[in-house]
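This report refers to the structure that appears directly beneath it.
In the UniProt record's numbering, the protein residues as written are 1 to 272.
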C-alpha cells in the first residue's frame, strides 16, 4: 500500500509510471473519429493530428477553448506552449489516465482531452500555477479567472495540485489559495476547499494521497484530510480526518474505517 510522502506536487516528478503512450493513442483515436465524423476533421487536424508535438496538442486545445476577446488566440497559445515543461506534461498524462480509468462515461483519452471541462480547468491551472511560481502573478491571476469564466472551477493559481487528479464534471469546484491536493485524488462537482473566513495566511485544506471527495462536500479551514479517505457527498468537514476512513454529515463525523488496500479515489464508490 502506498503511503503519503508529503506534497508529491506537479512541480515535482509525479510518483507514477510513464504515461507518454497516451499521445499515440489520442492521435489514433483522432484519426478514427475524423473518418467517422467529417464535420470534426478540421478541429482534429488543427488541434491534434497535424500538430508537431504533444505540448502543441495541449496548447492548441486549451487556447481554442480559452480564446478571449482581450487576447489573441495565438498569443494565448504561445503563453501556454512556452510555460509547459516536462513535469507539467507528466502530470497531464497522469490526469488523462486517471480520468479514463475512473470515469465510466469517458470511453477514450480523446474524449477527456476534447470534451471534459474539469480536465481543461485543471490543465489551465497547471499553467497558471507555473506562471505564479515564476513571479508572473498578474498574468497567472488573469488566466485563472478566464478559466473560471470558461470552464467553471475557481482555482487560485497559488493552490498546489499533484498528478493523477480527476475533477469530475468540474462545475462549482472552488479551491483556495493555500490548498494542497496530493497525487491520485478525485473531486466531484460543487466541492469547496475553502477557508473559515476567520483566518489569514495558511488557511485552506490539505488533501492527502488517494482521497475521494464526493459531490457538494465543503472542507473548510487549514485541516488535513488523511490519505486514502473518503468525504461523502454533501458533507461539511470542519475537523481533520484520519487516514483510511469515511466521514459524512453536517458537520462530518467518522462513519467507517476502510480496508488498508482501499483507494477511494480509484474505486469512486459513493456508498457510505
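For every residue, glycine included, the Cβ atom is placed at its ideal position computed from N, Cα and C. In this text the structure is predicted, and so the values were computed from the model without any measurement.
When the five nearest sequence neighbours on each side are left out, the beta carbons in the same chain lying within less than 8 Å of the beta carbon of residue 49 are those of 27, 30, 31, 34, in order along the chain. Taking a contact as a CB-CB distance under 8 Å, the pair residue 64 and residue 51 does not count as one, their CB atoms being some 12 Å apart.
Closest in alpha carbon position to residue 247, among 260, 261, 228, is 228.
Rounded to the nearest whole angstrom, the CA to CA distance from residue 20 to residue 209 is 22 Å. In the structure shown, the three-state DSSP call for residue 162 is strand.
Within 10 angstroms of the beta-carbon of residue 78 lie fewer than 16 other beta-carbons, which makes it exposed. Scanning its chain for C-beta atoms nearer than 6 Å, with the 5 sequence neighbours on each side dropped, one finds around residue 226 the residues 208, 241, 242, 243, in chain order.
The stretch 134-142 and the stretch 171-186 do not touch, with fewer than 3 CB-CB distances between them shorter than 8 Å. Residue pairing for residue 194: DSSP places it in a beta bridge opposite 220. Restricting attention to alpha helix (DSSP H) runs no shorter than 4 residues, the stretch 58-90 encloses them at 73-83, ordered along the chain.
Sequence-distant Cβ neighbours of residue 99 in its own chain, meaning closer than 7 Å and more than five residues away, are 106, 112, 116, 119, 166.
Cβ atoms of residue 252 and residue 233 stay farther apart than 8 Å, at about 11 Å.
Minimum Cα-Cα distance from residue 258 among the listed residues 269, 250, 60 corresponds to 269. The continuous stretches of alpha helix (DSSP H) do not include residue 256, which lies in the beta strand (DSSP E) extending over residues 253-257.
Looking at the DSSP output, residue 33 sits in no beta bridge, so it has no partner there.
The shortest CA-to-CA distance from residue 180 to any of 142, 41, 157, 60 is the one to 157.
Going by DSSP, residue 248 is part of the beta strand (DSSP E) stretching over 245-248. By the neighbour-count criterion, in which 16 or more other beta carbons inside 10 Å mark a residue as buried, residue 264 falls on the buried side. Secondary structure note for residue 126: its alpha helix (DSSP H) is the uninterrupted segment 117-133. Apart from sequence neighbours up to five positions away, the residues of its chain that approach residue 143 with a beta-carbon distance below 6 Å are 128, ordered along the chain.
Taking a C-beta distance under 8 Å as the contact criterion, residue 123 and residue 58 qualify as a contact pair. In the displayed model, residue 92 falls within a helix according to three-state DSSP.
Counting the other CB atoms within 10 Å of its CB gives residue 145 a total below 16, which places it among the exposed residues.
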